[in-house]
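Okay, structure first, notes after.
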Amino acid sequence: MVMEQVATNSPETAMLGGFKQAVDDAIFGSSAAHQNKMLQLLGSTDRSEKFYGLVLELLLTRNQMAASSDSRA
Numbered sequence: 000m001v002m003e004q005v006a007t008n009s010p011e012t013a014m015l016g017g018f019k020q021a022v023d024d025a026i027f028g029s030s031a032a033h034q035n036k037m038l039q040l041l042g043s044t045d046r047s048e049k050f051y052g053l054v055l056e057l058l059l060t061r062n063q064m065a066a067s068s069d070s071r072a
């Protein structure tokens, strides 16, 4: 519904419809999802350890990619 309003109306008109409420709903929904995930991670040592490993792996991969890109420049 909101995407249809955005696609078929001017930005000003879309703002008069359900756009603002849809954005607010998405923000609140995201907050609840993040809080749920936070509680799952902090409530389980096993999950926390796996998450720490994942974050470290992502950072190492990012650094390797950046170093590789720098060496090609």
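Position 71 of the sequence shown, counting from 1, maps to 70 under numbering that gives the first Met the number 0, and the rest follow consecutively. Where a beta carbon is used, it is the ideal one built from N, C-alpha and C, also for glycine.
Taking residue i as the reference, give the member of the options with the closest Cα.
i, options, result
"G16", "Q39, F50, V5, L53", "V5"
Using the C-alpha atoms, what's the distance from residue j back to residue i?
i, j, result
"S70", "K19", "46 Å"
"A66", "M14", "44 Å"
"Q34", "G42", "12 Å"
"L55", "S47", "12 Å"
"Q63", "F27", "36 Å"
From what residue to what residue does the alpha helix (DSSP H) around residue i run?
i, result
"M64", "44 to 71"
Start-end ranges of the alpha helix (DSSP H) lying completely within the region 9 to 49, minimum 4 residues:
10 to 15, 18 to 41
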